[in-house]
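If you're matching them up, the sequences are chains A and B in order.
This note's numbering numbers the first residue of the first sequence as 254 and each following residue consecutively.
This note's numbering numbers the first residue of the second sequence as 254 and each following residue consecutively.
Let me begin by presenting the structure, written as structure tokens, before commenting on it.
Protein chains: 2
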Amino acid sequence: MNIGDVSSRSGLPAKTIRYYEDIGLIKPHRSANGYRCFAETDLHKLAFLGRARALGFTIEDCRTLMALYEDESRASADVKQLALEHLAKIEEKIADLQAMHDTLSELVKCCAGDSRPDCPILKDLSGES
Amino acid sequence: MNIGDVSSRSGLPAKTIRYYEDIGLIKPHRSANGYRCFAETDLHKLAFLGRARALGFTIEDCRTLMALYEDESRASADVKQLALEHLAKIEEKIADLQAMHDTLSELVKCCAGDSRPDCPILKDLSGES
DNA sequence: TCTTGACCTTCCCCTAACTGGAGCCCTCAT
DNA sequence: ATGAGGGCTCCAGTTAGGGGAAGGTCAAGA
């Protein structure tokens, strides 16, 4: 398979696939003409990476997950721990965003949003509380 | 004031303050020795920027917000619109993160997390559903 | 056979919002 | 005079790729 085929079958842009090769996540063979030559296992790995990235895992997490996936003697506890740590980061981000959301929506609610200059949002940002 | 004073009074790292000058958000004067020389208004602007950034506004949003703040004839509607657009982006991010969270926590729940290799998280990532 | 268009290659720069560090200068106290 | 603790500029790196240039390859049609 050429990169275009793998791209459409995995849903990942060709750029991303080349990047993943660059950083050593996959190692496709090369044809005589220099084109990358992907096997089914490469496609499978790329799909794995795509799903892990969609769950928000970092590239380094993906590297670890792939290694665990390929290690037949892994302990599921290791996978679970990685997932739990990631989950904690997600929860932290949600909490941060939620706090911003709450503050900002409160300010927005207090802003008339008309043609007059008086604005509680700017007032808050400027420190006049 | 030197940059260290402004840094401790605004809570922003000196590096960040230099960066904000670089991109034109503030324009402190210079002393004869080449040191940045901050006025109270600069400090006030930096505090404004710090609060806006803490609410998740991008630097470009901050630039616009500062311009609105300094424009005595602004319409509060313009501020409110910017805030509402930002709020929408925040909500989108929260929804994305929440979806990741739900999927991942479901997988985690199904994973024994022991010394055996069998792992529903890896199984899901590998596409065996 | 030639050409055209689609595909592939590498290479380099760009993103946001800083952070870290090197190498150097300035000032003040000892 | 010297050492500590500022300050200065400039360069590189961070995440996870995206955009685009310059050029090689391949298959189909005229």
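By construction, the Cβ of each residue, glycine as well, lies at the ideal position given by its N, Cα and C atoms.
Here the structure is a predicted model, which is why all the values come from computation and not from measurement.
Asked, Found
"Output the distance between the C-alpha atoms of residue 297 of chain A and residue 319 of chain A, rounded to the nearest integer angstrom.", "11 Å"
"Does DSSP put residue 363 of chain A in a helix, a strand or coil?", "helix"
"Under 7 Å Cβ to Cβ from residue 373 of chain B, same chain only, skipping five residues before and after it: list those, please.", "360, 363, 364"
"Just grab the DSSP bridge partners of residue 290 of chain A for me.", "A:282"
"Which of the three DSSP states, helix, strand or coil, is assigned to residue 270 of chain A?", "helix"
"Once DSSP output is grouped into helix, strand and coil, what is the label at residue 328 of chain A?", "coil"
"Along chain B, in chain order, which residues have C-beta atoms closer than 8 Å to that of residue 344 of chain A?", "354"
"Under the rule that 16 or more other beta-carbon atoms within 10 Å means buried, what is residue 369 of chain B, buried or exposed?", "exposed"
"Starting from residue 370 of chain B, trace the alpha helix (DSSP H) both ways and give me its first and last residue.", "Neither: residue 370 of chain B is in no alpha helix (DSSP H) and is coded neither H nor E."
"Can you pull the chain B residues whose beta carbon is under 9 Å from the beta carbon of residue 312 of chain A, in chain order?", "Near residue 312 of chain A there are no residues of chain B at all, since even the closest Cβ is about 14 Å away, more than 9 Å."
"Which residues bound the alpha helix (DSSP H) around residue 263 of chain B?", "256 to 263"
"For residue 306 of chain A, I'd like the list of residues in its chain whose CB is within less than 7 Å of its CB, leaving aside the five on either flank, ordered along the chain.", "315"
"Hey, quick one: how far does the alpha helix (DSSP H) through residue 312 of chain A stretch, first residue to last?", "312 to 323"
"Could you tell me which chain B residues have their CB closer than 7 Å to the CB of residue 361 of chain A, listed as they occur along the chain?", "333, 336, 337, 340"
"Taking C-beta to C-beta, are residue 279 of chain A and residue 273 of chain A nearer than 9 Å?", "yes"
"So residue 303 of chain B and residue 263 of chain B are supposed to be a Cβ contact under 8 Å. How far apart are they, rounded?", "6 Å"
"Roughly how far, in whole angstroms, is the beta-carbon of residue 328 of chain A from the beta-carbon of residue 367 of chain B, given that I think they are within contact range, below 8 Å?", "7 Å"
"Cα separation between residue 290 of chain B and residue 259 of chain B?", "10 Å"
"Is residue 303 of chain B helix, strand or coil when you go by DSSP?", "helix"
"Anyone know if the C-beta pair for residue 281 of chain B and residue 267 of chain B falls short of 9 Å?", "no"
"Is it true that the CB of residue 340 of chain A sits closer than 9 Å to the CB of residue 354 of chain B?", "yes"
"Given residue 326 of chain A, which residues of its chain have a CB within under 8 Å of its CB, disregarding the five upstream and five downstream residues?", "none"
"Distance, Cα to Cα, residue 371 of chain B vs residue 346 of chain A?", "30 Å"
"For a quick check, are the C-beta atoms of residue 299 of chain A and residue 375 of chain B less than 9 Å apart?", "no"
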